[in-house]
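Right, one structure below, let's go through it.
There are 2 protein chains.
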Amino acid sequence: MSMQQWFDKSKSGAHFCDMCSRILDSPRPMRHNEAMNDSKPLGVRARARAELLADVGRVARSQLAEVGAADLSVRAIARELGLASSALYRYYPSRDALLTQLIIESYDSLGEHVERAEDAIDPADLAGRYAAICHAVRSWALDHRHEYALIYGSPVPGYAAPADTIDPATRVTRRFVALISGAKPTRSTRQLAPPLTEQLDHVAQLAGHDVDLNLLAIGVGLWAQIYGMVSFELFGTFTNIFDDADAIFDHQVQLGIAALGLD
Amino acid sequence: MSMQQWFDKSKSGAHFCDMCSRILDSPRPMRHNEAMNDSKPLGVRARARAELLADVGRVARSQLAEVGAADLSVRAIARELGLASSALYRYYPSRDALLTQLIIESYDSLGEHVERAEDAIDPADLAGRYAAICHAVRSWALDHRHEYALIYGSPVPGYAAPADTIDPATRVTRRFVALISGAKPTRSTRQLAPPLTEQLDHVAQLAGHDVDLNLLAIGVGLWAQIYGMVSFELFGTFTNIFDDADAIFDHQVQLGIAALGLD
DNA sequence: TGGGAAACGAGAGCACCGCTCTCGTTTCAT
DNA sequence: ATGAAACGAGAGCGGTGCTCTCGTTTCCCA
């Protein structure tokens, strides 16, 4: 059965949990109760579905944290829930759809962690906010290695990120651009190639900020650097070189602050 | 059977192909011909073994390039070679060992590509050498997406990189450090935390070069940045933002040259 | 020049995987 | 009340990595 066919069939059932609606929602007619209005009846079946959906998510999340995405098994989840593996296919069309939910949740988890960390800093303290964001990314990654690998590591083979993932994926990026937009325009203006100017303009536009494009270009480099360092640390490239990466990471953060002129 | 047991058993057979010796070699007594001296007899069996070993490697490499590490299948390799899958276990103790060979070969392929690119530049042209290295890394990655994912993406689940992989892995790094050692010491001396100084000293020592540690720290950051950008491009993070990453990548290379004072 | 040990390839089999299909049951909307 | 839809279980398909056995071939050395 194709994904779309599955959508059409499944759409006839009620769904209310975040993930379920995110996966299933798309503009098409609804049937019976649907409960987009939060109101009451909520039959036995709907309640059970919501609960099971949540349970599956919970177990999947715990399995992901334990064994990683590659070893995440639909059958194991079913086993832990005391269900036949085939039963899970009433809720997810495929293992990939399950992975998609986990990807979205991971992006959101990282995004919230970063936002919380930055919000704890005095907004006028740009250097402090930059450091907070960087360290929040790293600390989240260290605490959620498999989730980090899922969203920033090599993509799973047959998998193509569906549209639903792009918005949560930009949560951190948006904060990053917002921060840069608050910095004072750089003094050294290096020439930007025309296509690059266009791309950077697009980024600024997406984030809804006026930004000095030279500064933004530097920011993109630093953004890649942060994830590069975290990936090196988590994926083993730093092994035997920077087994404790605290110092080198913090040093790069300080260099980044200087490069952006935040100090 | 444990890996070590397999080693011990297998050691009794002759082996001469690069990979085979790399996997099997470790200090322990040899039995019968072994042919560490290249000389002649080379029985029928030994010749056949070497040939099949090479064939397996060839097919594995082609499968890796086609479908990626996660979908690389011992059975499929055996099928393509017209063998029973069990026969392959006379040559590799496990799928992981096969992957290990591919990891080593990938590191070497990247290393050679980078070295060739840098060697084509006038040694006195530090900026040119830096650019050559960076662009070589990226172009190799774009041409060998699955190999790149194998060595720089999320590690495969149960897999722990064996010692044999660390030397080939540092091929690019060594060139990088050598280049930096040729740059003039940086003017701005930012304070380095004591543990960081120690780690950077160790890096310089491994690479066998005298290096200004402040410059080396900047180099580590740029090194992470390069791989961060390549990973973003290959793994989809840049999708819809820098679909063509030529311009942004080259811009970062120019910024890196300035940061290292190579211009 | 044997003869025993080792290496070899094939095949069956085990436990797992994602996924599909059918079938009897339960819930729901009309 | 009834028919349609949703549900869970179970069997089953084709795939995986890996093991074990068995008959054959090659090799080393006595």
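Chains as they are written, first to last, in the working numbering: chain A, 590 to 852; chain B, 590 to 852.
Here a beta-carbon is modelled for each residue, glycine too, at the ideal position from N, C-alpha and C.
Would you report the Cα separation of residue i and residue j, rounded to the nearest angstrom?
i: Ala758 (chain B); j: Gly657 (chain B); result: 19 Å
i: Ala772 (chain B); j: Ile755 (chain B); result: 26 Å
i: Tyr741 (chain B); j: Val633 (chain B); result: 40 Å
i: Gly671 (chain B); j: Gly797 (chain A); result: 59 Å
i: Tyr678 (chain B); j: Leu661 (chain A); result: 26 Å
i: Arg760 (chain A); j: Ala673 (chain B); result: 50 Å
i: Val819 (chain A); j: Gly850 (chain B); result: 26 Å
i: Leu631 (chain B); j: Leu641 (chain B); result: 15 Å
i: Asp835 (chain B); j: Ile815 (chain B); result: 13 Å
i: Ser777 (chain B); j: Thr826 (chain B); result: 33 Å
i: Gln780 (chain A); j: Gly810 (chain A); result: 16 Å
i: Phe765 (chain A); j: Ala793 (chain A); result: 11 Å
i: Ala831 (chain A); j: Ser695 (chain A); result: Rather than Ala, the amino acid found at residue 831 (chain A) in this sequence is Phe. Approximately 26 Å between the Cα atoms of the pair.
i: Gly808 (chain B); j: Tyr719 (chain B); result: 11 Å
i: His724 (chain A); j: Asn803 (chain A); result: 24 Å
i: Ala721 (chain B); j: Ile710 (chain B); result: 8 Å
i: Tyr737 (chain B); j: Ala649 (chain A); result: 28 Å
i: Arg727 (chain B); j: Ser651 (chain B); result: 21 Å
i: His735 (chain B); j: Tyr681 (chain B); result: 21 Å
i: Val645 (chain B); j: Pro784 (chain A); result: 45 Å
i: Pro751 (chain A); j: Ser770 (chain A); result: 29 Å
i: Thr762 (chain A); j: Phe838 (chain B); result: 18 Å
i: Ala708 (chain A); j: Leu691 (chain A); result: The sequence shown places Asp at residue 708 (chain A), rather than the Ala named in the question. When rounded, the distance between both Cα atoms is 25 Å.
i: Ala643 (chain A); j: Ala706 (chain A); result: 28 Å
i: Ser698 (chain B); j: Glu704 (chain A); result: 41 Å
i: Ser610 (chain B); j: Ala639 (chain B); result: Bear in mind that the predicted position of Ser610 (chain B) carries a pLDDT of just 41, short of 50, making it unreliable; the figure below should be weighed with that in mind. Their Cα atoms are separated by approximately 11 Å.
i: Ala665 (chain A); j: Leu739 (chain A); result: 19 Å
i: Gln788 (chain A); j: Leu653 (chain A); result: 35 Å
i: Asp685 (chain B); j: Val663 (chain B); result: 10 Å
i: Leu844 (chain B); j: Leu687 (chain B); result: 40 Å
i: Ala659 (chain A); j: Ala667 (chain B); result: 23 Å
i: Arg647 (chain B); j: Phe824 (chain A); result: 27 Å
Does DSSP classify residue i as helix, strand or coil?
i: Pro783 (chain B); result: helix
i: Thr826 (chain B); result: coil
i: Pro774 (chain B); result: coil
i: Thr689 (chain A); result: helix
i: Ser601 (chain A); result: Note on Ser601 (chain A): pLDDT 44, under 50, position unreliable in the model; the coordinate value appears next. In this structure, Ser601 (chain A) counts as coil in the three-state DSSP scheme.
i: Val800 (chain B); result: coil
i: Asp852 (chain B); result: coil
i: Thr762 (chain B); result: helix
i: Asp833 (chain B); result: coil
i: Ser820 (chain A); result: helix
i: Pro751 (chain A); result: coil
Are there 16 or more other CB atoms within 10 angstroms of the CB of residue i, so buried, or fewer, so exposed?
i: Val842 (chain B); result: buried
i: Ser675 (chain A); result: exposed
i: Asn829 (chain A); result: exposed
i: Ala806 (chain A); result: buried
i: Glu701 (chain B); result: exposed
i: Ala782 (chain B); result: exposed
i: His840 (chain A); result: buried
i: Ala637 (chain B); result: exposed
i: Ala730 (chain A); result: buried
i: Asp833 (chain B); result: exposed
i: Ile612 (chain B); result: Because Ile612 (chain B) sits at a pLDDT of 40, beneath the cut-off of 50, its placement in the model cannot be relied upon, and the following sentence gives the value as read from the coordinates. Result: buried.
i: Ala713 (chain A); result: exposed
i: Ala847 (chain B); result: exposed
i: Asp855 (chain A); result: What the structure shows of chain A is the stretch from 590 to 852, and residue 855 (chain A) is not part of that stretch, so it cannot be assessed.
i: Gln774 (chain A); result: Sequence inspection shows Pro at residue 774 (chain A); the Gln mentioned does not correspond to that position. Result: exposed.
i: Lys852 (chain B); result: The sequence given here has Asp at residue 852 (chain B), not Lys. Looking at its Cβ environment, which holds fewer than 16 other Cβ atoms inside 10 Å, Asp852 (chain B) is exposed.
i: His733 (chain B); result: buried
Kindly examine the ligand FAD and report whether one of its heavy atoms sits closer than 7 Å to the Cβ of residue i.
i: Thr828 (chain B); result: In the structure shown, the ligand FAD is absent, as is every other ligand, since no ligand is present at all.
Complete runs of the alpha helix (DSSP H) confined to the stretch 692-748 of chain B [at least 4 residues]: 715-732 and 734-741
At 4 residues or longer, what runs of the alpha helix (DSSP H) sit wholly inside the stretch 624-681 of chain A? 633-656, 663-670 and 674-677
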